[in-house]
Amino acid sequence: MRIFFLILLLTIPLRLPAQSTVALLHAAFSRAAQRVAPAVVHIMVTRSRDITPPKQALRLPERIRRLPKKLRRYWEFFSKRYRLQQRRHPYFQRPKGGTSGVLIDPQGQVLTSYYNIAGEVQKIVVTLADRREFPARILGVDKLRDLALLQIKGSDLPAVPLQSSSDLKIGAWALVVGRGISGPDYTLNIGIVSSVHRFKERAIQIDAKVNYANAGGALVDIHGRLIGIVNHLSSYERAGQSTGVGFATPAAEILKVLPFLQQGRTVPPPRVPFLGIRADLSSTANAAQSMVVIAKVYPHSGAAKAGLQPKDIILTVDGIKIKSLLQLGLILRTKKIGSQIKLTIQRGRRIIAVSCTLGSRQEKQ
Amino acid sequence: MNLALRYVGAMFIVIIYGWFAGLTAQDEALHCALAIEQRIEELAERMLAAFVQIGGGSGVVISPDGYVITNHHVAGRLRQWKVVMSTAQGPVIRQARVVGTDPRGDVCLLKLQGVQQIPYLPMGDSENVKPGQIVLAMGNPYFYGKYCTPALSLGEVSAVHRYQEGYSDCIQHDAALNPGNSGGPLVNLQGELIGINGRIAVRFISRKHTGVGFAIPINQIKLFLPLLKLGGIVYHGLVPGLKITETATPGQGVRVTAVEPSSPAYQAGLQPGDLIVAIDNQPIFNRNRYLGVIGIYPAGTVLPFKIQRNQQYQVLSVTLARRTGRHEWPARPDMPYLGIRISQTHRGPGVEVENVVPNTGAERAGLLPGDIITHFQGIAVRNARHLSHLLARCRIGQKVVLRVMRDEERLHFSVVLSQRPHKR
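Going down the list, the sequences are from chains A and B.
Position 120 (the first sequence) corresponds to 119 in numbering that gives the first Met the number 0; numbering is contiguous.
Position 257 (the second sequence) corresponds to 256 in numbering that gives the first Met the number 0; numbering is contiguous.
Encoded structure:
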C-alpha cells in the first residue's frame, strides 16, 4: 500500500503547469525590478535659479542660420525679446516634480544625473523607498558624462552595487526603474538596448521611455543587476516627452570616474588635441563630400601660427589623404596634444606643405 | 503514532514539492526572458549586417547581389550615393546606384556596386502580420549613429491595412521611429523583413516618435520590385473614368456612380450602380480601402474586380492606368478614328477642324481645315470631349453623318470611320 502511494507521488511531474509566455515575461521583469527597487531613491531639488535650456532647444530658422554672421547678429539682437520669451516658456522649462537616483553604497552615496541637480541649488532631499527622508549634499559632478554623486548621512542603507556588464549587446532587455514620486511605488519602463556606441563610447542608447522623473534612475538588466544610470536627457526631448531615444551611462564608464566623484572632485572635461580650424559640413545629404574646406581659423591656435587661412583645402595630414571632415576628426583624435603634424593644403592653385603644432581644447559631447 | 508520522511525512513531501515547483517557476520566467533576449540579439546582428546608412536615412539589403530598398524621400532624388555599411572589419563606404523609384509609394531601389555575396534580409509575407506581433525596427534616429552604428527599437504591430495617402496599405506599429529611421527595415521575430519604415504621425509640427509609425508592407514592394529593377520611375495605378461613393450602410462596398464613356472603366464593363465588393480577393468595405488596394499595384496590372450587379456577382478584369496626375487616359486600340485634328482655340458649340489627316475617312469625305462640326449622327456636338464620347460608341467601318458649318454654309458629310493609326 505504501509503495503504491509512493509510486503515485513520483509520477506527478515536479513542475507547475506551464504558464503562458507573457506571464513568465512579466514575472521576470517584476523580479528584476524588485531586486533594485529598494535602492532607487526619490530626489527633490529646490533651486533659486535653473540652467538655461541648451541652444538646440531653440532652433533658429534655417534662413537665419544661413545669413552671414553680421546679419545674424542683428537678427539675434532685435529678436532677443523673442528668445527670452521662448526660454521662459513652460514648454522649454524643467517641469516641477521629483526625480530619481540610486543608492550605490550602504554608507549613503547616491548616484544620479548631473542635469537633475544642475542650476543654483538650495536644498536636496532624498527619500528612500521606506519613506525615510535625508538631506543630501553634492559630493562630485561630471558634466560630460552627466553624472552626480550625492552624500546622505546614514548607515546600513539599502544599496545595490554597480555591476559592469562588458558583453552588453544590442537587443538585450533594458529596464529603467525610477521613483519620481516618493513612496513605496517605483516606476518601471521596459525596452531594449538600442545601440552601444554613443557619445564617443561613453553612453548606450535604450528605447525604454526616459523622462524627467526617471532620469538618474537605475538601468537594470533582466537578471536584476544595476548596469548603469539613465541620464543624458536628449536635447530633442527636453521640450516634450520621451521619443523612444534614451541614453544611459554604463557601469564600466561610471566606475572609471567614481573614485574622483567620491573624493568630492568635479571631473573636468578632458582636453583633446585641437588644430584650430572650423570647416563647414557641406551638404550632409551625401557622404560623398571629398574636400575639407577651412571656413575659419581660430586665433592663437596651431593652425593660425602655421599660417592656414579660410578657403584653404586640406589635402593630406601626415601623408593620409583626407576625404571627409569625419576622417580628419578621427585622425586628430589619435594624436597627442603638443605634437606636430604635417599638412598639405591647396590655396587657390598652389599646393603648400605646412607643419602645425596641436594645441588643446575642452572636450564637449 | 505510525499514522501521525505518515501524515507529517506526507506534509513534508508536499512542502518540498511546492518549494521546488516555485523555484523552477522562477527559473522558468528568467529562462523565458533570456530566450527572447537571445533571439532579439541574434536578429539584431543579422539586421546590422544587412543595414545600409544612406545619407540622412536608412536602407536594407534584400538580395545577396546587392539590391537595397529604402524610401524615395531618402534616396530618390539623386542617381548615385555613397553609403556606409557595417562589417566585421568596421564601417565601409560603398557606392550605390539608384535603379528605380516609386515616388508616390515612397519606395526606392538601389544597387550596391562591387559586391558579390553580402548578407541580406529575406523577405517575409506581410499578409501574415497581425496586430500584437512583436517587431523590430532599425535605423539612425536623430542621426546619432555616425559610421553606421544604428539603433534598434522594439515595438508591436498596432494595426494593418492602414490607408495614409501614398502609404495605401501600410502597417502601423509603435516601435520608436524618428527622423533618421526612414527607409529602415521592419523585421518580425522570425527574422523576415515585413516592411520598410517611412512615416510617423505627429502633431504640432514636432517630428518625433509618438507611438504611431507606418511601414510600407513587403508584399507591396514585392509587386513593384520587377518594375523597379527595370529602372526609372514606376507609377501607381488608378482606374480612370470611375466615380465611386460609399454605400449608405458602411462596410458593404463602394458603389459606382458614374463611368465616363471610352475610359478604361467603361472598357472593363463597369456600369453605374455596380457595387464593388472585392478586388483581387481583398474585401473592399469603404472608399479608403478601395484606394488602398488599388495603391498596392503598379500601373498596368490587370485586377479582377468582383462586383454585384442586380443581385448577381460578376468578376471583371480592370487594367490599371498610370496615375500621373494628369486626367487623361490612353486611347483603346479599337477606337474609331475620324481623321481630324481639333483646334484648341475654338469657342462656342461644335468642334473646329484644324487639320485633316491624309488617308482617313475625313479626308476622303472632303472635310477641310476651318470646318466646324456641329452635329454628329444628328446629335449636337458640345465640345471635343463630347465628340470623342460619341465616337467611342461607334465601330470601325461604320458610316457616320456629320453636319458641318463652312463659311456660314451648312453641309453634310458621310464619313467612314477608320482605325486609329499607330502613334509615332
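Just so you know, even glycine gets a beta-carbon here, dropped at the ideal spot from N, CA and C.
Computed from a predicted model, the values in this text were never measured in an experiment.
Check                                                                                                                                                                                      : Outcome
Within this structure, are the beta carbons of residue 219 of chain A and residue 38 of chain A separated by less than 8 Å?                                                                : no
DSSP state of residue 282 of chain A, grouped into three classes?                                                                                                                          : Caution is warranted here: a pLDDT of 41 is assigned to residue 282 of chain A, below 50, making its placement in the model unreliable, and the coordinate value is therefore given only provisionally. If DSSP states are grouped into helix, strand and coil, residue 282 of chain A belongs with coil.
Going by DSSP, which residues form a beta bridge with residue 354 of chain A?                                                                                                              : A/341
Is there a Cβ from chain A that is less than 8 Å from the Cβ of residue 3 of chain B?                                                                                                      : no
So, with DSSP's three-state summary, where would you put residue 403 of chain B?                                                                                                           : strand
Put residue 408 of chain B into one of helix, strand or coil per three-state DSSP.                                                                                                         : strand
Against chain A, with Cβ distances strictly below 8 Å, would residue 6 of chain B count as a contact?                                                                                      : no
Looking at the structure shown, is residue 362 of chain A part of a helix, part of a strand, or coil, going by DSSP?                                                                       : coil
Could you tell me the boundaries of the alpha helix (DSSP H) in which residue 255 of chain A lies?                                                                                         : 250-261
Output yes if chain A places a C-beta closer than 8 Å to the C-beta of residue 155 of chain B; else output no.                                                                             : no
For residue 165 of chain A, count neighbouring Cβ atoms within 10 angstroms of its own Cβ and tell me buried if that reaches 16, exposed if not.                                           : exposed
Name, please, each residue of chain B whose Cβ falls closer than 8 Å to the Cβ of residue 194 of chain A.                                                                                  : 143, 144, 148, 149, 150 and 151
Within the same chain, show all residues whose beta-carbon is closer than 6 Å to that of residue 350 of chain B, passing over the 5 residues directly before and after it, in chain order. : 341, 372, 380, 383 and 386
Taking Cβ-Cβ distances shorter than 7 Å, what residues in chain B pair up with residue 172 of chain A?                                                                                     : 32 and 36
Please identify, using Cβ separations under 8 Å, the residues of the stretch 197-215 of chain A that lie next to chain B, in order along the chain.                                        : 197, 204 and 206
Helix, strand or coil: how does DSSP classify residue 336 of chain B here?                                                                                                                 : strand
Determine the contact status of residue 138 of chain A and residue 149 of chain A, defining contact as a CB-CB distance below 8 Å.                                                         : yes
Which bits of chain A does residue 39 of chain B rub up against, with CB to CB less than 7 Å?                                                                                              : 170 and 191
Contact between the stretch 254-270 of chain B and the stretch 179-187 of chain B: three or more CB pairs below 8 Å?                                                                       : no
Closer than 7 Å, Cβ to Cβ, to anything on chain B: give me those residues from the stretch 236-260 of chain A, in chain order.                                                             : 239, 242, 243 and 244
Report back the beta-carbon spacing between residue 271 of chain A and residue 200 of chain A to the nearest angstrom; my notes put them in contact at under 8 Å.                          : No, residue 271 of chain A and residue 200 of chain A are not in contact; Cβ-Cβ is about 14 Å, not under 8 Å.
Could you check what DSSP says for residue 287 of chain A in three-state terms: helix, strand or coil?                                                                                     : Residue placement at residue 287 of chain A is flagged as unreliable, the pLDDT there being 46, under the threshold of 50; a coordinate-derived value is accordingly withheld.
Is there at least one Cβ from chain A nearer than 8 Å to residue 43 of chain B's Cβ?                                                                                                       : yes
Can you list, in chain order, the residues of its chain with a C-beta nearer than 7 Å to that of residue 194 of chain B? Leave out the 5 residues immediately preceding and following it.  : 125, 170, 185, 214, 215, 216 and 217
Does any residue of chain A have a CB that is nearer than 8 Å to the CB of residue 140 of chain B?                                                                                         : yes
Pick out whichever of B/344, B/360 and B/359 has its Cα sitting closest to the Cα of residue 353 of chain B.                                                                               : B/344
Extract the residue ranges of the beta strand (DSSP E) inside the stretch 122-208 of chain B, only unbroken runs of 3 or more that lie entirely within it.                                 : 133-138, 150-163, 166-172, 184-187 and 192-199
Give a yes or no on whether the minimum CB-CB distance between residue 36 of chain A and chain B is below 8 Å.                                                                             : no
Since residue 141 of chain A sits in a beta bridge, which residues does DSSP pair it with?                                                                                                 : A/146 and A/266
Of all Cβ atoms in chain B, is any one closer than 8 Å to the Cβ of residue 332 of chain A?                                                                                                : no
From this set, B/397, B/96 and B/48, which residue's C-alpha is nearest residue 228 of chain B's C-alpha?                                                                                  : B/96
Report all residues from its chain with a CB closer than 7 Å to the CB of residue 284 of chain A; omit the five preceding and five following residues, and keep chain order.               : Confidence at residue 284 of chain A is low in this model, with a pLDDT of 40, below 50, so the placement of that residue should be treated as unreliable; the coordinate-derived value is given next. If we look at residue 284 of chain A and ignore the five residues flanking it on each side, it has no Cβ neighbours.
In chain B, which residues lie with their C-beta within 9 Å of the C-beta of residue 26 of chain A?                                                                                        : 24, 25, 27, 28, 29, 31 and 32
Going along chain B in order, which residues have a C-beta closer than 8 Å to the C-beta of residue 221 of chain A?                                                                        : 29, 32, 33 and 36
I believe residue 237 of chain B touches residue 161 of chain B by the beta-carbon criterion, under 8 Å. Please report the beta-carbon distance rounded to the nearest angstrom.           : Actually they are not in contact, since the Cβ atoms of residue 237 of chain B and residue 161 of chain B sit about 19 Å apart, beyond 8 Å.
In this structure, does DSSP put residue 73 of chain A in helix, strand or coil?                                                                                                           : helix
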